[in-house]
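One structure below.
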Amino acid sequence: MTPLLDRLWARLHITSVTEKVIMGMSIILIIVIGLLTYYDMVTRIKFHLGKQEDRAYEISDTVMRSIEYPMLEADMEAVQAILESLYKLKDLKVVNLCDLTGTIKYSGLPANVKKLDDSQATEEALDTGSLAKVLEVQGGEKILLHAMPIPNEETCYKCHGKENEILGVLTVGISWGPVEERVAEVRNREIIWGLASLVIVGLFLLIFLSRFVTRPLAQLARLADEISRGKTEVDFGRQVKCWEIEKCTKTDCPAYGNTTTMCWYMDGTLCFGQPSGSFPEKLDECRECKVYKTHVGDETVQLADSFKHMVSKLDISEREIKKLEKRTQLVQASKMSTLGEMASGVAHELNQPLSVIRMGATFLSKMIKKGQKIEDEQLRTVTEEIVGQVDRASAIINHMRDFSRIGVKTTELDMNVPIRNILGILGQQFKVRNIEIESDLDDNLPHIMADSNKLEQVLLNLVVNARQAIEEKGEPGGKVTIKSFSDRGRAAISVSDTGNGIPEHVLDKIFEPFFTTKKVGIGTGLGLSISYGIVKDYGGTIDVKTEVGIGTTFLLKFPPCSDA
Numbered sequence: 084m085t086p087l088l089d090r091l092w093a094r095l096h097i098t099s100v101t102e103k104v105i106m107g108m109s110i111i112l113i114i115v116i117g118l119l120t121y122y123d124m125v126t127r128i129k130f131h132l133g134k135q136e137d138r139a140y141e142i143s144d145t146v147m148r149s150i151e152y153p154m155l156e157a158d159m160e161a162v163q164a165i166l167e168s169l170y171k172l173k174d175l176k177v178v179n180l181c182d183l184t185g186t187i188k189y190s191g192l193p194a195n196v197k198k199l200d201d202s203q204a205t206e207e208a209l210d211t212g213s214l215a216k217v218l219e220v221q222g223g224e225k226i227l228l229h230a231m232p233i234p235n236e237e238t239c240y241k242c243h244g245k246e247n248e249i250l251g252v253l254t255v256g257i258s259w260g261p262v263e264e265r266v267a268e269v270r271n272r273e274i275i276w277g278l279a280s281l282v283i284v285g286l287f288l289l290i291f292l293s294r295f296v297t298r299p300l301a302q303l304a305r306l307a308d309e310i311s312r313g314k315t316e317v318d319f320g321r322q323v324k325c326w327e328i329e330k331c332t333k334t335d336c337p338a339y340g341n342t343t344t345m346c347w348y349m350d351g352t353l354c355f356g357q358p359s360g361s362f363p364e365k366l367d368e369c370r371e372c373k374v375y376k377t378h379v380g381d382e383t384v385q386l387a388d389s390f391k392h393m394v395s396k397l398d399i400s401e402r403e404i405k406k407l408e409k410r411t412q413l414v415q416a417s418k419m420s421t422l423g424e425m426a427s428g429v430a431h432e433l434n435q436p437l438s439v440i441r442m443g444a445t446f447l448s449k450m451i452k453k454g455q456k457i458e459d460e461q462l463r464t465v466t467e468e469i470v471g472q473v474d475r476a477s478a479i480i481n482h483m484r485d486f487s488r489i490g491v492k493t494t495e496l497d498m499n500v501p502i503r504n505i506l507g508i509l510g511q512q513f514k515v516r517n518i519e520i521e522s523d524l525d526d527n528l529p530h531i532m533a534d535s536n537k538l539e540q541v542l543l544n545l546v547v548n549a550r551q552a553i554e555e556k557g558e559p560g561g562k563v564t565i566k567s568f569s570d571r572g573r574a575a576i577s578v579s580d581t582g583n584g585i586p587e588h589v590l591d592k593i594f595e596p597f598f599t600t601k602k603v604g605i606g607t608g609l610g611l612s613i614s615y616g617i618v619k620d621y622g623g624t625i626d627v628k629t630e631v632g633i634g635t636t637f638l639l640k641f642p643p644c645s646d647a
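According to the working numbering, the sequence shown is numbered sequentially starting from 84.
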């Protein structure tokens with residue numbers, strides 16, 4: 084059936100849903116109303132035909148009863164007079180009384196007397212001895228003939244004997260023209276009624292379908308095309324202000340003031356006094372709500388609402404993706420800026436293995452030039468030391484490369500690992516600057532779910548900020564303390580310094596992007612903002628305690644793996 088319809092639409096060049104619905108409904112209406120009209124017309128015609136036949140029978144029976152008594156009295160003149168009188172009835176065209184030979188003995192039209200009645204109805208009645216009904220054409224006019232045999236009863240034996248079963252035939256004919264006119268009138272009226280019904284019902288369906296089906300579908304198709312072109316900020320559909328309907332004053336509800344999404348699609352609404360669940364699980368509760376019952380609408384309306392919700396979700400997802408991309412770029416930019424801070428520490432870390440390698444290589448070169456034999460044990464010791472220092476340098480370089488990568492790999496992590504990495508990289512740098520760096524690490528910390536690379540960046544930002552705060556204070560010496568410990572089942576890290584502290588009036592701004600208290604040209608203002616975002620991503624918290632002139636402590640706490 085479907086391929087047949089597809090070929091029909093293609094042949095008629097019909098492609099839109101509106102045209103297909105209108106054409107399909109038109110075909111259905113034509114068939115249904117046509118069948119109903121035909122059935123009604125046939126029924127009415129049958130009724131009128133039966134009614135006319137009943138009238139012909141009644142007239143025949145009336146004539147028979149009228150002439151019965153005069154015939155018993157052998158008063159044939161009275162019989163003739165009665166037939167002539169009945170012949171004057173409306174639409175009565177034939178009233179003949181024939182003998183067994185078909186000769187007309189008496190007739191409503193005296194001119195027909197003694198003529199032979201050659202009608203098919205009369206011949207059939209004489210042959211069969213039973214009532215005959217035949218529609219014949221006489222003189223260019225259709226006549227319904229009823230031929231009724233006259234039985235030979237005992238009262239007739241004295242005149243006619245009892246040899247024959249019938250004495251003759253009474254033939255009555257009614258004009259069929261009025262019946263045909265009535266049938267034509269009924270047929271024409273039914274056709275007109277059918278066409279009028281088709282037009283009225285078709286017009287109503289056209290308006291109804293256009294209003295509630297084809298127009299919304301066409302709008303959805305247009306909007307889908309717009310969205311496929313990247314235009315998600317399209318205003319369409321209806322607006323249901325649930326807070327006005329329910330007279331709600333809960334301004335903290337996500338649905339309050341939101342006209343872009345129906346409230347039953349939104350998570351955490353406060354319709355029942357407490358935050359509801361998420362869509363679609365919350366629909367069971369929403370179905371009991373007056374707002375939902377009144378405004379849920381039919382399937383087409385629900386489709387439009389679902390489409391609007393989908394567009395809203397896509398728009399939100401797109402904005403979140405853009406925010407994530409921007410944040411990733413900022414993280415990477417901040418990471419690159421901190422590489423400069425790490426450069427001196429890395430240079431020192433690389434200098435030591437390179438010096439050892441040079442010393443080993445120089446020793447081997449001198450021994451070869453002098454032609455002296457190198458003992459196997461001595462050679463093995465030198466080469467193993469060179470290989471070990473090469474591995475150490477390679478590890479330092481690989482760590483720098485991992486730190487600068489963009490990708491994120493969240494795994495089960497011991498927080499002491501990134502702390503030790505930072506201490507290894509910056510330890511020498513702090514020593515050169517005459518700043519003491521101290522660590523107190525708990526080896527029994529619960530593991531957390533995080534990316535070592537990103538957590539290392541957080542610690543690097545905090546340690547570098549601590550060093551800069553000590554240097555800005557302008558006093559010789561200074562100390563940075565890093566501790567790891569367990570706090571009520573959560574893994575915690577504290578980074579403390581003896582710098583100049585943070586003024587109270589800017590304390591609530593330190594985690595904002597691009598905010599900095601450093602001099603122009605020092606820092607990007609992204610470090611603490613990015614660190615705050617990374618900590619939050621892993622379900623952690625970051626707090627700060629500071630005292631101007633004394634120092635600052637940043638406290639980080641993370642949930643263990645089982646809660647992450």
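Backbone N, C-alpha and C define an ideal beta-carbon position, used for all residues, glycine too.
Decide if I51 is buried, meaning its Cβ has at least 16 other Cβ atoms within 10 Å, or exposed.
It is not possible to answer for residue 51, since the shown part of the chain is limited to 84 through 647.
Grouping DSSP H, G and I as helix and E and B as strand, with all else coil, what is I605?
As a working mapping, residue 605 is identified with position 522 in the sequence shown. Only weak support is given to the placement of I605: the predicted model assigns it a pLDDT of 49, under 50, and the value that follows is read from those uncertain coordinates. Of the three classes helix, strand and coil, the one that applies to I605 here is coil, per DSSP.
Helix, strand or coil: how does DSSP classify F362 here?
Reading the sequence shown from its first residue, position 279 is the one you call residue 362. Note: F362 maps to coil in three-state DSSP.
Bridge-paired residues (DSSP) for N179
As a first step, residue 179 must be located in the sequence shown, where it is residue number 96. BP columns for N179 point to S190, T254.
Given a cut-off of 8 Å, decide if L288 and M147 are closer than it, judged by their beta-carbon atoms.
For the purposes of this step, residue 147 is taken as the residue at position 64 of the sequence shown. For the purposes of this step, residue 288 is taken as the residue at position 205 of the sequence shown. Taking 8 Å as the Cβ cut-off, M147 and L288 do not qualify as a contacting pair.
For G117, I'd like the list of residues in its chain whose CB is within less than 7 Å of its CB, leaving aside the five on either flank, ordered along the chain.
Residue mapping note: residue 117 aligns to position 34 of the sequence shown, counting from 1. Excluding the 5 residues flanking it on each side, G117 has same chain C-beta neighbours closer than 7 Å at G277, in chain order.
Tell me whether A279 is buried or exposed, calling it buried when 16 or more other Cβ atoms sit within 10 Å of its Cβ.
Indexing the sequence shown from 1 puts residue 279 at position 196. So A279 counts as exposed.
Please confirm whether I520 and L543 have their CB atoms less than 8 Å apart.
Within the sequence shown, the letter at position 437 stands for residue 520. Within the sequence shown, the letter at position 460 stands for residue 543. In this structure, L543 does not lie closer than 8 Å to I520 by Cβ.
Report the rounded CA-to-CA distance for T624 versus T344, giving the unit in angstroms.
As a working mapping, residue 624 is identified with position 541 in the sequence shown. As a working mapping, residue 344 is identified with position 261 in the sequence shown. Rounded to the nearest angstrom, the gap between the Cα atoms of T624 and T344 is 32 Å.
State the start and end residues of the unbroken beta strand (DSSP E) segment that holds K556.
Reading the sequence shown from its first residue, position 473 is the one you call residue 556. Segment 535 to 556 is the alpha helix (DSSP H) holding K556; no beta strand (DSSP E) there.
Three or more C-beta pairs below 8 Å linking the region 259 to 274 and the region 187 to 195:
Contact between the region 259 to 274 and the region 187 to 195 is absent: fewer than 3 CB-CB pairs across the two stretches fall below 8 Å.
Go ahead and pull the three-state DSSP assignment for R463.
Taking the first residue of the sequence shown as position 1, residue 463 is located at position 380. Three-state DSSP puts R463 in a helix.
Looking at C-alpha atoms only, which residue of A230, L590, G572 is the closest neighbour of F641?
Translated into positions along the sequence shown, residue 641 becomes position 558. Selected option, being the one with the closest Cα: G572.
Given this structure, state the Cα-to-Cα distance separating I283 from L112, to the nearest angstrom.
As a working mapping, residue 283 is identified with position 200 in the sequence shown. As a working mapping, residue 112 is identified with position 29 in the sequence shown. Per the coordinates, the alpha-carbon of I283 lies some 11 Å from the alpha-carbon of L112.
Straight-line Cα distance separating V115 from Q163
Taking the first residue of the sequence shown as 1, we reach residue 163 at position 80. Taking the first residue of the sequence shown as 1, we reach residue 115 at position 32. If you take the alpha carbons of Q163 and V115, they lie about 56 Å apart.
If we count the other Cβ atoms within 10 Å of its Cβ and call it buried at 16 or more, is A139 buried or exposed?
Here residue 139 refers to the residue found at position 56 when the sequence shown is read from its first residue. So A139 ends up on the buried side.
Quick one: Cα of T629 to Cα of W326, how far?
Translated into positions along the sequence shown, residue 629 becomes position 546. Translated into positions along the sequence shown, residue 326 becomes position 243. Between T629 and W326, the C-alpha separation is close to 45 Å.
Going by CA-CA distance only, name the one from D570, V323, V578 that's closest to V563.
As a working note, residue 563 is residue 480 in the sequence shown. Among D570, V323, V578, the Cα nearest to that of V563 is on V578.
Three-state class that DSSP yields for K452 in the structure shown:
By one-based count along the sequence shown, residue 452 stands at place 369. Helix at K452.
Taking the Cβ atom as the reference point for each residue, do N271 and L183 lie within a distance shorter than 8 Å?
Residue numbering aside, residue 271 sits at position 188 when the sequence shown is read from its first letter. Residue numbering aside, residue 183 sits at position 100 when the sequence shown is read from its first letter. Their beta carbons are not under 8 Å apart, which means N271 does not touch L183 by this criterion.
Selection from I508, R463, I617, P586 that minimises the alpha carbon distance to K492
Sequence index remark: in the sequence shown, residue 492 carries index 409 (1-based). If you compare the alpha carbons of I508, R463, I617, P586 with that of K492, the shortest gap goes to I617.
Note down the Cα distance separating N499 from I593, rounded to an integer number of angstroms.
Residue 499 sits at position 416 when you count from the first residue of the sequence shown. Residue 593 sits at position 510 when you count from the first residue of the sequence shown. Taken atom to atom, the span from the alpha-carbon of N499 to that of I593 is near 26 Å.
Mind checking who I625 pairs with in its DSSP beta bridge?
As a first step, residue 625 is located in the sequence shown; it is residue number 542 there, counting from the start. The secondary-structure analysis by DSSP pairs I625 across a beta bridge with L639.
Beta-carbon proximity of V128 to V266, cut-off 8 Å
For this step, residue 128 is matched to residue 45 along the sequence shown. For this step, residue 266 is matched to residue 183 along the sequence shown. As written in the sequence, residue 128 is Ile, which differs from the Val given in the question. It is a contact, given that the beta carbons lie within the stated cut-off.
Going by the CB atoms, is the gap between L199 and V252 shorter than 8 Å?
If you number the sequence shown from 1, residue 252 lands on position 169. If you number the sequence shown from 1, residue 199 lands on position 116. No. Outside cutoff.
I need the straight-line Cα distance from P153 to E160, nearest angstrom please.
Here the question's residue 153 lines up with position 70 in the sequence shown. Here the question's residue 160 lines up with position 77 in the sequence shown. Whole-angstrom Cα-Cα distance: 9 Å.
Helix, strand or coil for I283, going by three-state DSSP, please let me know.
Along the sequence shown, read from residue 1 onward, the residue named residue 283 stands at position 200. Three-state result, I283: helix.
Can you tell which of N548, E554, L300, S567 has the C-alpha that lies nearest to the C-alpha of D526?
In the sequence shown, the residue the question calls residue 526 occupies position 443. Of N548, E554, L300, S567, the residue nearest in Cα terms is S567.
So, is D626 buried or exposed, given that buried needs 16 or more other C-beta atoms within 10 angstroms?
In the sequence shown, residue 626 corresponds to position 543, counting from 1. By the neighbour-count rule (16 or more Cβ atoms within 10 Å), D626 is not buried but exposed.
What does the alpha-carbon distance come out to for the pair T254 and K245?
For the purposes of this step, residue 254 is taken as the residue at position 171 of the sequence shown. For the purposes of this step, residue 245 is taken as the residue at position 162 of the sequence shown. The alpha-carbon atoms of T254 and K245 are separated by roughly 23 Å.
DSSP bridge partner residues for P232 (one or two, in chain order):
The residue labelled residue 232 in the question sits at position 149 within the sequence shown. The secondary-structure analysis by DSSP pairs P232 across a beta bridge with V252.
Since L228 contacts A204 with CB under 8 Å, what's their CB separation in whole angstroms?
Translated into the one-based positions of the sequence shown, residue 228 becomes position 145. Translated into the one-based positions of the sequence shown, residue 204 becomes position 121. Confirmed, about 4 Å.
Would you tell me roughly how many angstroms separate the C-alpha atoms of P363 and D350, rounded to the nearest one?
If you number the sequence shown from 1, residue 363 lands on position 280. If you number the sequence shown from 1, residue 350 lands on position 267. Distance between the alpha carbons of P363 and D350 is about 9 Å.
Counted within 10 angstroms of its Cβ, other Cβ atoms place R294 as buried (16 or more) or exposed:
Sequence index remark: in the sequence shown, residue 294 carries index 211 (1-based). R294 should be labelled exposed.
In its own chain, which residues sit with a C-beta less than 7 Å from the C-beta of V178, not counting the 5 before and 5 after it?
As a working note, residue 178 is residue 95 in the sequence shown. Sequence-distant partners of V178 (beyond 5 residues in either direction) whose C-beta falls short of 7 Å from its own C-beta, in its chain, are V146, L166, L169, Y170, S190, G191, V255.
Own chain, CB closer than 7 Å to V603, minus 5 neighbours either side, in chain order
To locate residue 603, count along the sequence shown from 1; it is residue 520. Its pLDDT being 42, under 50, V603 is placed unreliably in this model, and the coordinates cannot settle the point.
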